[in-house]
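The block underneath contains the structure these notes are about, expressed in structure tokens.
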Amino acid sequence: MKGKGQIILAILLSVAVLGYTVYNYVNGRTDLWIMMSAFLIVGLPLINSIRLLIEEIRKKS
């Protein structure tokens, strides 16, 4: 991914997926294991995207 805009979009989409997963868990549509799996599968790339965004910001400054 190039540019801060694409990284920010990826972060927002990841947060939206995690939010939707939590919403479904609270309403009883999913169980704890699915929610934890989603946090693992989506959370690790989210952390990497945040790291890339921080590097982009530091590189521009």
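For the sequence shown, numbering that gives the first Met the number 0 gives the first residue as 0, with consecutive numbering after it. Note that the Cβ used here is the ideal one computed from N, Cα and C, for glycine as well.
Pair within 7 Å by beta-carbon distance, residue i and residue j
i	j	result
Leu17	Val41	yes
Ile6	Leu45	no
Ala9	Ser36	no
Alpha carbon of residue i to alpha carbon of residue j, nearest angstrom
i	j	result
Met0	Glu55	The predicted position of Met0 is uncertain, since its pLDDT is 46 and thus under 50; a value taken from the coordinates is nonetheless stated next. Between Met0 and Glu55, the C-alpha separation is close to 11 Å.
Thr13	Leu39	The sequence given here has Ser at residue 13, not Thr. Taking the straight line joining both Cα atoms gives about 12 Å.
Leu30	Ala15	Looking at the sequence shown, residue 30 is not Leu but Asp. So the alpha carbons of these two residues sit roughly 18 Å apart.
Lys3	Val21	27 Å
Assumed close pair residue i, residue j - CB separation to whole angstroms, cut-off 8 Å
i	j	result
Tyr24	Met34	4 Å
Below-7 Å beta-carbon distance, residue i vs any chain B residue
i	result
Val14	Among the chains in the structure shown there is no chain B, since it carries only a single protein chain.
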